[in-house]
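What follows is a single structure, written as structure tokens, with notes after it.
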Amino acid sequence: MFMRRWRAAGARILPLAANSSAALARLHATSFARGWTSQEIAELMAGPAVDVIGAKLGSQMLGMAMVRCAADEGEVLTIAVAPDWRGMGLAGRLLGEALGALARRRTRTCFLEVEEHNQAALALYRREGFHEIGRRKGYYGDEGGGDALILACSLTDRWWLAPPPDAVESE
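Quick note, the sequence shown lines up with residues -25 to -1, 1 to 146 if you use mature numbering (1 follows the signal peptide of the UniProt record, and there is no 0).
The following block contains the structure:
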């Protein structure tokens, strides 16, 4: 475990291009009952103001975060980390980079939905300043889950933290 945690610390966190959609679909399927297909991911990535951040160790895709901006609002579309690499801080690094991407777009508020029983995700989001603003009853019923909690976070205090974007990496 120590060795893997040390290696996770060396993972590169970087923007990804649309030709990464197949690897992202494989990764997404390890995290959700109904993972997104490569085509669904490629279509989302082709949309306006969508940023996809990846965590890579060599050529291995360890994690991803996808966000989108509409006017001055942002949305975390998904975050996924490969099962063997969870609990090592990658999700936090990915979320931080994704929120930075939204901040560079001058997004004022970021929203997301999370399954009410996903304690690891809730802890991560709360650490980043998200708070509950609503609930969708039975939203995850078809996946054996429960309600979706709607969380929001102000990004206006992060604008000064937003570094210039790095080069986009393709697969």
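Even glycine gets a Cβ: it sits at the ideal position worked out from N, Cα and C. Remember, it's a predicted structure, so these values are computed and weren't measured experimentally.
Problem set entry | Distance between L37 and D59 (C-alpha atoms, nearest Å) | 9 Å
Exercise. Is the region 62 to 70 in contact with the region 10 to 17, if contact means three or more CB pairs nearer than 8 Å?
Worked result: no
Exercise. With DSSP run on the structure shown, which of helix, strand or coil describes P58?
Worked result: helix
Exercise. What do you reckon, are the CB atoms on R110 and L124 nearer than 8 Å?
Worked result: yes
For this session: Would you tell me roughly how many angstroms separate the C-alpha atoms of A46 and T53, rounded to the nearest one?
Result: 19 Å
Exercise. Under a three-way DSSP split, which group does D132 fall into?
Worked result: helix
Problem set entry | Three-state class that DSSP yields for A106 in the structure shown | Before going further, note that residue 106 is His rather than Ala in the sequence given. Of the three classes helix, strand and coil, the one that applies to H106 here is strand, per DSSP.
Problem set entry | Sequence-distant residues of its chain with Cβ nearer than 6 Å to A142 (five each side left out) | No answer about A142 holds up, because its pLDDT of 49 lies below 50 and its placement is not dependable.
Problem set entry | Sheet register partners of M41 (DSSP bridge) | V27, T53
Problem set entry | L(-10), enclosing beta strand (DSSP E) - first and last residue | Run containing L(-10): none; DSSP gives neither H nor E here.
Problem set entry | Supposed contact pair V25 and R43 - C-beta distance, whole angstroms, cut 8 Å | 5 Å
Exercise. Got a sec? Which residues, its chain only, sit under 6 Å from M41 by beta carbon, not counting five neighbours each side?
Worked result: V27, L52, T53
Exercise. In terms of residues, what are the limits of the alpha helix (DSSP H) holding E90?
Worked result: Not the alpha helix (DSSP H): E90 falls in the beta strand (DSSP E), residues 84 to 90.
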